[in-house]
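**Student:** Please see the structure below; I have some questions.
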Amino acid sequence: MNAPATIAPKKQHLIDPEICIRCNTCEETCPVDAVTHDDNNYVVDPEKCNFCLDCISPCPTGSIDNWRIVARAYSLKEQFSWGELPFQEQIEIQTSVESGGDLEASDDDAARLIAEAHLGAGGKSVAPASAGKPKINLFNRGRPAAATVSGNFRLTDPDADNDVRHVILDFGGAAFPVLEGQSIGIIAPGADKDGKPHKIRLYSVASPREGEKSGANNLSLTVKREGDGVCSNYICDLKKGDQVQVTGPFGATFLMPDDPSANILMICTGTGSAPFRGFTERRRRNMKDAPGRMMLYFGARRPEELPYFGPLQKVPDGLLRKHFAYSRVPGEPKTYVQDRMRATPDEVAAFLKNAKTHVYLCGLKGMETGVDEAFADICRNAGLDWAALRAVMRAQGRYHVETY
Ligand code: NAP
Numbered sequence: 138m139n140a141p142a143t144i145a146p147k148k149q150h151l152i153d154p155e156i157c158i159r160c161n162t163c164e165e166t167c168p169v170d171a172v173t174h175d176d177n178n179y180v181v182d183p184e185k186c187n188f189c190l191d192c193i194s195p196c197p198t199g200s201i202d203n204w205r206i207v208a209r210a211y212s213l214k215e216q217f218s219w220g221e222l223p224f225q226e227q228i229e230i231q232t233s234v235e236s237g238g239d240l241e242a243s244d245d246d247a248a249r250l251i252a253e254a255h256l257g258a259g260g261k262s263v264a265p266a267s268a269g270k271p272k273i274n275l276f277n278r279g280r281p282a283a284a285t286v287s288g289n290f291r292l293t294d295p296d297a298d299n300d301v302r303h304v305i306l307d308f309g310g311a312a313f314p315v316l317e318g319q320s321i322g323i324i325a326p327g328a329d330k331d332g333k334p335h336k337i338r339l340y341s342v343a344s345p346r347e348g349e350k351s352g353a354n355n356l357s358l359t360v361k362r363e364g365d366g367v368c369s370n371y372i373c374d375l376k377k378g379d380q381v382q383v384t385g386p387f388g389a390t391f392l393m394p395d396d397p398s399a400n401i402l403m404i405c406t407g408t409g410s411a412p413f414r415g416f417t418e419r420r421r422r423n424m425k426d427a428p429g430r431m432m433l434y435f436g437a438r439r440p441e442e443l444p445y446f447g448p449l450q451k452v453p454d455g456l457l458r459k460h461f462a463y464s465r466v467p468g469e470p471k472t473y474v475q476d477r478m479r480a481t482p483d484e485v486a487a488f489l490k491n492a493k494t495h496v497y498l499c500g501l502k503g504m505e506t507g508v509d510e511a512f513a514d515i516c517r518n519a520g521l522d523w524a525a526l527r528a529v530m531r532a533q534g535r536y537h538v539e540t541y
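At position 300 of the sequence shown (counting the first as 1) the number is 437 in the working numbering, and the numbers step up by one without a gap.
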């Protein structure tokens, strides 16, 4: 009897449609144009991907960092249709196959190759165990939701350099369910200089799941006017009553734990505060007596530039312990969030030592390294191993990063 035929399994690079927030970063980064998208999903062309991994670290969510060992590569058509990634199929690995994205040698090697690929984005994102099950991708460019602007308020002082806005979108009778931490897409009307529709831009939801107030079918965004940014200027100029095309919701891992005993340590810069307003409001309104603690490190240029500065002052310390870091106050040293963390090591360490603590980073990509180093220093002095702890927290859905 002949031995069963073996196949030459290949490693295939895939994007997780549940986690992807459709920010287009991967498509812009890919040097060989292997990443493409339709109204539904961002996908990787198996014929073009050369495993250079350039797209891995810029991805704000880690959705780009997914791999399968396949006997037959999933086609673009299949990937476009997915609502979630397929499971890893059981595949017989042959002992030697060609290079160039193919696996070499053994199951052990396969595991190693995949593990190496995961280094870029720091590992797979996992949702908190107690988080609600999010709805994703209900609306897309071909079928957007229509929202009406019910408010647009400036959050920064009139003399601040930045114009940051709190914009409220009402969905009327249409369902647009979101969880704290998810993002939505906004389609600016018109076309770019090449006549193509403008890119969809992503914004974190800044309100809790019930909306700005109980019973309202709305959500809010925190948007900074960016120089000549088409979408940010469009949103910042919106008037009450204007109609807006919305896609999403997106994101299935950067979510808030529903467990009231979970501690939440949040670190943000600028408009990266948006999801943390949602987290705080959720606890304030629905979990008043939650035993879990919340602590926020928030960086901005000056108090006048800090979104939600006024309202934040009114949130009691018992609900939210606040640490502000200002980088451009005249006569004061430049202070970043990581400096504030270093100045309060006991508080950070107490959170990290608690197995119910979830850590969230949101905002500028540049802060990731500094914050990571601050965590490492604080841990070293507190008898903790940050690299090991971070890996455990990430695997348990207790460490989350969303930076651009
Ligand atoms: P920003 O005003 O430019 O900066 C906020 C603060 O961060 C400033 O004090 C800045 O200091 C400081 N900073 C700069 N580099 C840093 C570093 N390496 N480490 C620590 N702090 C640093 O912030 P922004 O323009 O609002 O940017 C927020 C980011 O959040 C954007 O990248 C945005 O895409 C992202 N985001 C936005 C949303 C949303 O829904 N709108 C959601 C998620 C993430 P200096 O400038 O004085 O150096």
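Idealized CB from N, CA, C, for every residue including glycine.
At which residues does the alpha helix (DSSP H) containing Asn423 begin and terminate?
**Tutor:** Ala411 to Asn423
**Student:** Using only the alpha-carbon positions, how far apart do Cys405 and Leu498 sit?
**Tutor:** Their backbone Cα atoms lie some 6 Å apart in a straight line.
**Student:** Among Leu356, Pro295, Ala297 and Asn289, which residue has its Cα nearest to the Cα of Ile321?
**Tutor:** Closest in C-alpha terms to Ile321, from the list Leu356, Pro295, Ala297 and Asn289, comes Leu356.
**Student:** Between Ala268 and Pro397, which are expected to be in contact by the criterion C-beta below 8 Å, what is the C-beta distance as a whole number of angstroms?
**Tutor:** About 13 Å separates the two Cβ atoms, so there is no contact after all.
**Student:** Do Ile156 and Gly415 have their CB atoms nearer than 9 Å?
**Tutor:** no
**Student:** Does DSSP put Val474 in a helix, a strand or coil?
**Tutor:** helix
**Student:** On the three-state DSSP scale, how would you describe Met431?
**Tutor:** Met431 falls in the strand class under three-state DSSP.
**Student:** On the DSSP letters alone, give me the boundaries of the beta strand (DSSP E) that Val169 sits inside.
**Tutor:** Looking at the DSSP string, Val169 is not in any beta strand (DSSP E), and its letter there is neither H nor E.
**Student:** What does a CB cutoff of less than 6 Å around Lys471 pick up in its chain, not counting 5 residues either side in sequence?
**Tutor:** Ser464
**Student:** For Val474, is the classification buried or exposed, using 16 other Cβ atoms within 10 angstroms of its Cβ as the cut-off for buried?
**Tutor:** buried
**Student:** From the DSSP secondary-structure annotation, give me the bridge partner or partners of Thr506.
**Tutor:** Paired residue(s): none; Thr506 is not in a bridge.
**Student:** By how many angstroms is the C-alpha of Ala325 removed from the C-alpha of Ala411?
**Tutor:** 20 Å
**Student:** Contact defined as beta carbons within less than 8 Å: I believe Lys493 pairs with Tyr541. What is the distance between those atoms, to the nearest angstrom?
**Tutor:** Contact between Lys493 and Tyr541 is absent: CB atoms are separated by about 29 Å, not below the 8 Å threshold.
**Student:** Run the CB neighbour count on Ser243, radius 10 Å, all protein chains shown included, and call it buried at 16 or more, exposed below.
**Tutor:** Bear in mind that the predicted position of Ser243 carries a pLDDT of just 39, short of 50, making it too unreliable to give a figure here.
**Student:** Helix, strand or coil for Leu457, going by three-state DSSP, please let me know.
**Tutor:** coil
**Student:** Among the residues of its own chain, which have a CB less than 8 Å from the CB of Glu505, if the five just before and after it don't count?
**Tutor:** Leu498, Val538 and Thr540
**Student:** To the nearest angstrom, how far is the alpha carbon of Met185 from that of Arg430?
**Tutor:** For the sequence presented, residue 185 should be read as Lys rather than Met. Answer to the nearest angstrom: the Cα atoms are 48 Å apart.
**Student:** If you measure from the CB of Thr540, is any heavy atom of the ligand NAP nearer than 8 Å?
**Tutor:** Correct: Thr540 has its Cβ closer than 8 Å to the ligand NAP.
**Student:** Within a Cβ cutoff of 7 Å, which residues of the same chain sit near Asn177, ignoring the five residues on either side of it in sequence?
**Tutor:** Phe217, Asn274 and Asn277
**Student:** Going by Cα to Cα distance, which pick from Pro467, Pro195, Arg517 and Asp476 is closest to Leu489?
**Tutor:** Arg517
**Student:** Can you find at least 3 beta carbon pairs, one from the region 438-448 and one from the region 292-303, that sit closer than 8 Å?
**Tutor:** In short, these stretches touch, since the Cβ pair count reaches three.
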